[in-house]
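Everything on this sheet refers to the single structure shown next.
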Amino acid sequence: MIRRSIAAAILSISLTAAAPVKERPLVLAFGDSLTAGYGLEPGLGFVPQLQATLRRHGIAVEVVDAGVSGDTSEAGKARLGWTLDGMVRKPDLVILELGANDMLRGLDPALTEANLDEMMVDLNRREIPVLVSGMRAAPNLDPDYVQRFDAIYPALAQRHRAALYPFLLDGVAAQPGMVQADGLHPTFAGVKRMVTGIVPAVKRALGR
Numbered sequence: 000m001i002r003r004s005i006a007a008a009i010l011s012i013s014l015t016a017a018a019p020v021k022e023r024p025l026v027l028a029f030g031d032s033l034t035a036g037y038g039l040e041p042g043l044g045f046v047p048q049l050q051a052t053l054r055r056h057g058i059a060v061e062v063v064d065a066g067v068s069g070d071t072s073e074a075g076k077a078r079l080g081w082t083l084d085g086m087v088r089k090p091d092l093v094i095l096e097l098g099a100n101d102m103l104r105g106l107d108p109a110l111t112e113a114n115l116d117e118m119m120v121d122l123n124r125r126e127i128p129v130l131v132s133g134m135r136a137a138p139n140l141d142p143d144y145v146q147r148f149d150a151i152y153p154a155l156a157q158r159h160r161a162a163l164y165p166f167l168l169d170g171v172a173a174q175p176g177m178v179q180a181d182g183l184h185p186t187f188a189g190v191k192r193m194v195t196g197i198v199p200a201v202k203r204a205l206g207r
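For reference, each letter of the sequence shown is one residue, going 0 to 207 in numbering that gives the first Met the number 0.
In structure tokens:
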């Protein structure tokens with residue numbers, strides 16, 4: 000009886016030890032200053048707040064900040080490959096957030112879309128799910144430009160069958176108290192609104 004009990008205990012321990020440890024979801028937030036938390040104290044930007052909120056929702060996620068302030072889609076395209084190659088493992092999700100600086104510089108929306116499309120092709124080749132974080136052109140720009148720019152993100156998501164969050168600055172852009180003195184970058188209150196808006200899309204993209 001004792002031998003049987005010991006054998007059962009050893010078997011139980013062996014099975015437990017052999018069971019693979021499930022890694023926590025790894026999310027790469029790849030973008031510009033909106034991702035990087037420009038003008039905010041450490042811990043108050045989009046990435047740490049997104050991670051904290053997802054964890055409060057019961058998802059033990061790690062969100063990696065790959066935001067570079069000032070980056071255009073061209074600059075992002077140039078660094079995507081080595082950013083992914085340098086990670087400890089393949090991310091479970093990439094939040095692709097680029098294009099705002101293209102719009103602010105008046106770059107051709109066709110060029111922006113082509114750059115983002117190349118990034119999507121690379122991510123698809125690596126079999127990494129993508130959540131496209133959309134942007135909208137400033138309403139004071141030429142109406143034709145606005146129409147062409149705003150169409151980029153839905154078209155991109157549809158073409159690559161990717162998840163889409165239509166507008167990262169929904170409820171933030173041009174709202175009092177939500178943007179810093181430059182009128183562009185979110186305050187902490189703005190970041191919280193951004194996170195609240197995008198969390199359901201992130202959870203769906205992670206299958207939660």
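Glycine included, C-beta positions come from ideal geometry on N, C-alpha and C.
Worksheet item: Around the Cβ of aspartate 84, are there at least 16 other Cβ atoms within 10 angstroms (buried) or fewer (exposed)?
Response: exposed
Worksheet entry | Distance between glutamine 50 and alanine 59 (C-alpha atoms, nearest Å) | 8 Å
Discussion item. Between Trp81, Val87, Ala77, Gly69, which has its C-alpha nearest valine 62's C-alpha?
Written reply: Val87
Practice prompt. Would you mind giving the Cβ-Cβ distance between alanine 156 and phenylalanine 148, rounded to the nearest angstrom? I have them listed as a contact below 8 Å.
Written response: Incorrect: roughly 15 Å between the Cβ atoms, too far for contact.
Item to complete: Grab the span of the beta strand (DSSP E) containing leucine 25 for me, first residue to last.
Response: 25-30
Item to complete: State the DSSP-derived secondary structure class of glutamate 126, mapped to helix, strand or coil.
Response: coil
Discussion item. For alanine 188, which residues in the same chain have their Cβ closer than 7 Å to its Cβ, ignoring the five residues on either side in sequence?
Written reply: Gly176, Met177
Discussion item. According to DSSP, is aspartate 141 part of a helix, a strand, or is it coil?
Written reply: coil
Discussion item. Less than 6 Å between C-beta atoms, sequence neighbours within five positions excluded: which residues of the same chain meet that for valine 131?
Written reply: Leu95, Tyr152, Leu155, Ala156, Ala161, Leu163
Discussion item. Considering only the alpha carbon of each residue, which of Asp116, His56, Val93 lies closest to glutamate 73?
Written reply: Asp116
Fill in: Backbone CA spacing between valine 194 and glycine 98 [nearest angstrom]
19 Å
Practice prompt. Give a yes or no on whether the C-beta atoms belonging to valine 145 and leucine 122 are separated by under 8 Å.
Written response: no
Practice prompt. Would you kindly work out how many angstroms separate the C-alpha atoms of isoleucine 216 and glutamine 48, rounded to a whole number?
Written response: One cannot answer for residue 216 here, as it falls past the ends of the chain, which runs 0 to 207.
Worksheet item: Hey, proline 128 and alanine 204 are a contact pair by Cβ (cut 8 Å); roughly how many whole angstroms apart?
Response: 6 Å
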